[in-house]
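Undergrad: Residue numbers (our numbering): 58 to 204. Just so you know, even glycine gets a beta-carbon here, dropped at the ideal spot from N, CA and C.
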Amino acid sequence: EFDLEGYSGYLQTQGRGQVQGVELLLDWPVTDSLALRASATLMDSEDPQGNTRIYRPDQQGALSLEFTPPNSALGLSSALLYRGDSRGINQQLIKGYTSLDLRANWQLTAKVASFVRVENALDADNREIPGFYGVNSAFYAGLTIHF
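(1) Output the distance between the C-alpha atoms of Val26 and Asp101, rounded to the nearest integer angstrom.
(2) At the level of alpha carbons, what is the spacing between Pro126 and Gln164?
(3) Ser156 and Leu131 look like a contact to me (Cβ under 8 Å); what is the Cβ gap, rounded to whole Å?
(4) Determine the contact status of Gly78 and Ile111, defining contact as a CB-CB distance below 7 Å.
(5) Counting C-beta neighbours from all protein chains within 10 Å, is the total for Arg218 16 or more, i.e. buried, or is it exposed?
(6) Compare the Cα-Cα distances from Glu80 to each of Lys152, Glu103, Ala119 and report the closest residue.
(7) Which term fits Asn183, buried or exposed, when burial requires 16 or more other beta carbons within 10 angstroms of its beta carbon?
(8) Return the Cβ separation of His203 and Lys168 in integer angstroms, given the expectation that the two are a contact with Cβ distance under 8 Å.
(9) Suppose contacts are defined by Cβ-Cβ distances below 7 Å. Is Gly141 in contact with Asp115 by that definition?
(10) Give me, in chain order, the residues of the same chain whose beta-carbon lies closer than 7 Å to that of Leu82; leave out the 5 immediate sequence neighbours on both sides.
(11) With 16 other CB atoms within 10 Å as the buried threshold, where does Tyr197 fall?
(12) Identify which residue in Tyr154, Pro187, Ala195, Gly191 has its Cα closest to the Cα of Ser173.
(13) Could you give the distance in angstroms between the alpha-carbon of Gln71 and the alpha-carbon of Ile186?
(14) Suppose the cutoff is 8 Å on Cβ atoms and the five residues either side in sequence are ignored; what does the same chain contact list for Val87 look like?
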């Protein structure tokens, strides 16, 4: 339980905890126009009392594909994100989730590109802290201008 009366924006547990795990990364150019990227984290973290550290999932992962046809101004990408179960302040279960992001961009000129993207396309319940909702499925479109 935290005393928020003197809260200054940073909470830290007193004592010495333990974190151990492994992280794996893959960055593979499958072809000249297709790239596969993947990451996986397996982590065991405990606070000084031996409880699971809050808001820290034991498992996280990401898998993305990027496609850029040769001699084309088009770029397409997708990312599948996984966050495993974690625990809250009173060790209550916070369910993990899997979300999918999609993106397309078109280079209009040397300095201007347009893009569209869908974040959380599967509308996953992506709460990482109880009572604070993540972003529902969202669509964005815009221009990027380099000066």
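TA: With the given structure in hand:
(1) Look at the range of the chain in this structure, 58 to 204, and you will see that residue 26 is not part of it.
(2) C-alpha separation (whole angstroms): 12 Å.
(3) Contact flag wrong, Cβ pair sits at about 24 Å.
(4) Not a contact, by the Cβ cut-off of 7 Å.
(5) Examination of residue 218 is not possible in this model, given that the chain is present from 58 through 204 alone.
(6) Nearest to Glu80 by alpha-carbon distance, out of Lys152, Glu103, Ala119, is Ala119.
(7) So Asn183 counts as buried.
(8) Confirmed, about 5 Å.
(9) The answer is yes: Cβ separation under 7 Å.
(10) The answer, listed in chain order, is Ser96.
(11) Residue environment: Tyr197 is assigned as exposed (fewer than 16 neighbouring CB atoms within 10 Å of its CB, all protein chains considered).
(12) Sequence check: residue 173 is Val here, not Ser. The residue from Tyr154, Pro187, Ala195, Gly191 with its alpha-carbon nearest to that of Val173 is Ala195.
(13) Counting only the Cα atoms, Ile186 lies some 21 Å from Gln71.
(14) Counting only Cβ-Cβ distances below 8 Å, and skipping sequence neighbours, we find Leu93.
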